[in-house]
Structure formats: C-alpha cells, structure tokens
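Quick mapping for you: the protein sequence lines, in order, are chains U and H. Per our numbering, residue 435 is the first one in the first sequence, and the count goes up by one each step. Per our numbering, residue 435 is the first one in the second sequence, and the count goes up by one each step. Glycine included, each C-beta is placed from N, C-alpha and C at the ideal position. Note that this is a predicted model, so its numbers are computed, not measured.
Protein chains: 2
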Amino acid sequence: MTIASPNTWQGVQDEVLRRIRERVWKPGDLIPNEADLAAEFGCARATVNRALRELAEQGLVERRRKSGTRVALHPVGRAVIEIPVIRTEIEAAGQRYDYRLLLREVTPPPGRVTYTLGLPDATRVLHLLAVHLADGVPFVLEDRWINLAAVPQADEADFSVKSANEWLLETVPVVRGDLAISALPCPPDAARVLELTEGTPLLALDRSTWGPDAPITHVRLWHMPGHRLLTQIAG
Amino acid sequence: MTIASPNTWQGVQDEVLRRIRERVWKPGDLIPNEADLAAEFGCARATVNRALRELAEQGLVERRRKSGTRVALHPVGRAVIEIPVIRTEIEAAGQRYDYRLLLREVTPPPGRVTYTLGLPDATRVLHLLAVHLADGVPFVLEDRWINLAAVPQADEADFSVKSANEWLLETVPVVRGDLAISALPCPPDAARVLELTEGTPLLALDRSTWGPDAPITHVRLWHMPGHRLLTQIAG
DNA sequence: GAGTGGTCTAGACCACGAC
DNA sequence: TCGTGGTCTAGACCACTCG
C-alpha cells in the first residue's frame, strides 16, 4: 500500500481514513468543513469534495448541507456481488462450457413470478428450463420466464443454441433489476436433472429484470451443492 | 423518473445511457471523446468526465487513455448487498431486538476458520455462540471466532449484554473483509437452538475481517429458513 | 509523438436545511 | 438567514498508451 501525495484526492482520502481509523475523529464526530480541510491540505475544495464524496458513498461518513460531515456511527458494510454471464463465469474458471435446453413451453407462470414481476393475469409467458455445464458436469439449472408481451421476438428465437441469458442481453434494453438470494431444498424435477437427492440445500438466485416500460424476465438459478458466492466487503 | 437538465452531469449521463440502450452506440463501439461531448452538450469537460467515470465504475463503458471510451461488450451486473448490524436490521423492520449469548470458550478453531483467516496453529481464539431474536423469535444464529492475539481486550469483554458484532465495530479498526454466501444443511447444534429439523436448508453468511496488521474475526451467520437477501442490480 | 482520459485549480452560483 | 455541501466552468498539466 502506497500513500498518495497528500494534495491529490486519494491522498486526502487516505489521511481522512487514517484519522477515522485511529479515532482522531470518532464515530459521530463532526469533521471540519471542505474549505477548512482544503486549506489544511493545501489543495482546492473540489479535491476534498471528491475524497469525501467517495467516503460518503461507501457509508463511512454522512454528509448533510449546512450540518456538515460526520463520521458514521454504524457504518453499513457493503458487499458487491458481480453477476457475469454464466458462460463467461465458467470459461473464466478455465472450464469447458456446455448448455442444454430441457423444456420450452408457453404456460401460465406460478404466483411468485407474476407477483415479483407485477404481471397482469392474462399475460402470455414463455417458460424455459435449461442446464449449464462446466466440463460436462451440471453447474447451474436455469428456470426462466419471459414476458412475451414485452419481448414478442422471444417466441421465434432458438434457445437451444444460445442461452436466453445472452440472447436477452443482446436484444432487450434493461433498465433495472432485482436479485434475491435464498437457500432452498432441491425440488423433485431439479433433483432428476442435477442427479441429486430431493431436499438437498441449494443456493437459489432469483433475478427479475425490467425494460423501460414493462417487466422482461424472471429467472431462478439453482446452483449445485457447495456453491459459494464470494465477495469483498467495502467500508 | 425525471430527466435532469442536459448540461448537468446527470443529464449527460442520462443521455449517454439512452444512446447505449437504444443502440445508437452499440456494444463495442467507440464513443466521442470528452471534449467533443462537452461541446455537443454545451458543458465543461469535467462534467462529461464525471458522467462517464460513473458509467465506467458501473461497468457499462470501458475507458482507456489514448484509445477512448467504448460501450462494454458484456456488461457485468453488480448487486450491492448491504450488511447492517443485526440489531439495526431487526429494529428497522419494526421488531423488538433480543440477544442471548449461549457459549463462550477459548478453544482451537476448526480448519475453515484458521484457513480463511490465515491463522498460525498456536493462536488463542475466543469462540462465541449467540442467537439474535426478532420479537422473541430466533432470527439468526451467530457462530463467531475472535483472534485474541489481535484483540486481547476481547478476553475480558462482557458479550452477554452487547453483541460481539457491535463491540468489535466500536473497538477495532477494520481495514478489509470477505463475505461468502452459501446454502448449507442445518447442523445438529443449530437445530437444537433454532428448533428446526436437522438438515433444513439454511442461508449461511461467512464473514472474515482483517485489521491493519492481523486477522480479527470470522463469523458464520445461520439465517432462519426462508430468509432472503434482497438487492438491486446496477448496470 | 500525439491523442486520450485523469486530475487539480480558483472561482462561482445554487440548493438544502438548521436556526 | 446563512453556512454547508453539490455542482459547473475554463483552463491547465500530467500519465498513459497506441501507432
């Protein structure tokens, strides 16, 4: 770890961090305002602003106009999970990627899908079931529902070669998404495909995405037993 | 969703985002340089810089000196998980918080603890087992190991009133942390405390933290069945 | 060598919010 | 009211990296 020269924004940030960690400024304390810090460090106020803004984004300090900047009392840790395309994830691990489409049907979706996406009752929805393999071994089971009202082209797309994941990324503009992580017992159909005992604890990732106007898709990824989501904590 | 006036950094960002989503600039494309965009939007280059810098942090564009700025080919989704103090989490849900210390001992830690923290064999480690309750019902079981070589004060602290989580936050400067999320079968001792059937799928969060010089603590949180980690996806 | 993003400056005005 | 952070500007120099 190198210390940046103190009149750069990183240098200011390092010094502020040091004072927070060494309790020169204690949790709850008000720290000097930007103009004073700029004078102390011999730099422009904009430089101090950038340093403090990033610390505020990380939750280490709280800033309010007029009140000033305080050291956070209970800094909230933030862990960033990266969600790559599954093929990329497997190939990045140096393994061979394979993909098999198991089921394709247009059928009324279960309640959890209509509910999380906020779909009207009569919506036509495309249901896909597919397995992604790493070196020939099942890696994750994908249970996807695509809103045909928002993505009519999906009805004619060939999802047996390219995964819906990648097809959607290239085809539909996504504006926002939700992710829910939970531990669930392996259901009977997944047990058959993944060759597991029913009830085995599996990590389930439920992802919903919306376009500019309408919900696009909901997907549940069933990860094989032992799979771990690894991240670093900032703050 | 309001559109910001276009000569603010948010306005520039909105317009750039729109062009990326509507495929005016396609994945892989080079977009105009900062000076040109500033001229087009009628603002200063610093304003464009801020807009693009944030998009680069989100992974939507890739920037390199001399080459310029490109629309990312495979934007990696990022989900930010917020990790509050457990008491805060429960109280924020409008529930009553309770805490019970079940076990306190100094004992050799299991391999997964010494391994993830990188502890030497002979390290003295304090082992705590505690349960956090919401409205009187078990919410999460905490299985914590504290490195007494790094935090000797922990040996005399009273963890029956204040949870180790909060005590450590107030006492020890933390420099970095790791988080691993997995689905595991409920072990026998947890089953007794949480009044569950052994083997029930539980969401396990393994958190390790380091101070400036040494590993501080490793904690595994066993969440009750059905618990979901909710986040939003950026990008 | 030259074009690009990365950063700093000194100054200015604005928006929020505590009083 | 008025102090604070939030932002914009015009200009400058630097650092990286491609050709």
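- Neighbourhood of Gln666(H) in chain U, by CB distance below 9 Å: Arg610, Gly611, Asp612, Leu613, in chain order.
- In the DSSP assignment, Gly511(H) is bridged to Ile517(U).
- A straight line joining the alpha-carbon of Leu535(U) with that of Ser594(U) spans about 5 Å.
- Across the set Leu464(H), Asp647(H), Val565(H), Gly476(H), the C-alpha of Asp647(H) shows the shortest separation from the C-alpha of Val608(H).
- Just measuring C-alpha positions, the residue of Val540(H), Gly570(H), Leu494(H) sitting nearest Tyr531(H) is Gly570(H).
- Secondary structure in the segment 579-656 of chain H: the beta strand (DSSP E) runs of 3 residues or longer, each lying completely within the stretch, are 610-619, 635-644 in chain order.
- Look at Glu468(U): its C-beta is not under 7 Å from any C-beta on chain H.
- If you look at Gly545(H), you'll find it in the alpha helix (DSSP H) that goes 545-551.
- At a beta-carbon threshold of 9 Å, the residues of chain U lying near Pro607(H) are Ile454, Arg455, Glu456, Arg457, ordered along the chain.
- Listed in chain order, the positions of the segment 516-527 of chain U with a beta carbon within less than 9 Å of a beta carbon of chain H are Glu516, Ile517, Pro518, Val519, Thr522.
- DSSP places Arg487(H) in the uninterrupted alpha helix (DSSP H) bounded by 479-491.
- In chain order, Leu486, Ala490, Thr503 place their CB closer than 7 Å to the CB of Arg497(U), counting only its own chain and leaving out the 5 sequence neighbours on each side.
- Taking a contact to require three or more Cβ pairs closer than 8 Å, the segment 533-548 of chain U and the segment 540-555 of chain H do not qualify as touching.
- Leu562(H) and Arg578(H) have their alpha carbons spaced roughly 5 Å apart.
- Contact between Arg452(U) and Ile667(U) fails: their C-beta atoms lie close to 19 Å from each other, not under 8 Å.
- Contact between Pro518(U) and Val458(H) does not hold, since their C-beta atoms are separated by about 25 Å, which reaches or exceeds 8 Å.
- The beta carbon of Gln447(U) lies closer than 7 Å to those of Ala485, Glu488, Leu489 in the same chain, with the five residues before and after it left out.
- Spatial neighbours of Ile515(U) in its own chain (CB-CB distance under 7 Å, excluding positions within 5 residues in sequence) are listed in chain order as Leu663, Thr665.
- Closer than 7 Å to the CB of Ala564(U) there is not a single CB belonging to chain H.
- Using a CB distance below 7 Å, the part of the segment 497-508 of chain U facing chain H consists of His508, ordered along the chain.
- In the DSSP annotation of this structure, Asp532(U) is not part of any alpha helix (DSSP H); the continuous beta strand (DSSP E) holding it starts and ends at 531-540.
- Using a Cβ-Cβ cut-off of 7 Å, Leu489(H) does not count as an interface residue toward chain U, since no Cβ of chain U sits closer than that to its own.
- The contact set of Ala617(H) on chain U, defined by CB atoms closer than 7 Å, consists of Ala617, Pro635, Leu636, Leu637 in chain order.
- In chain U, no part has a C-beta under 7 Å from the C-beta of His561(H); the shortest such distance is about 22 Å.
- For Gly570(U), the closest Cβ of chain H is not nearer than 7 Å.
- Under the three-state reduction of DSSP, Leu464(H) is assigned to strand.
- Close CB contacts of Leu582(U) within its chain, under the 8 Å cut and outside five residues either way in sequence, are with Val540, Thr557, Arg558, Val559, Leu560, Ala588, Asp589 (chain order).
- Distances from the CA of Leu553(U) to each of His652(U), Gly660(U), Trp656(U) were compared; the closest alpha carbon is that of His652(U).
- Contact of Leu663(U) with chain H is assigned, a C-beta pair being separated by under 7 Å.
- With three or more CB-CB distances shorter than 8 Å, the segment 610-623 of chain U counts as touching the segment 632-646 of chain U.
- Between the alpha carbons of Glu525(H) and His508(U) lies a distance of about 14 Å.
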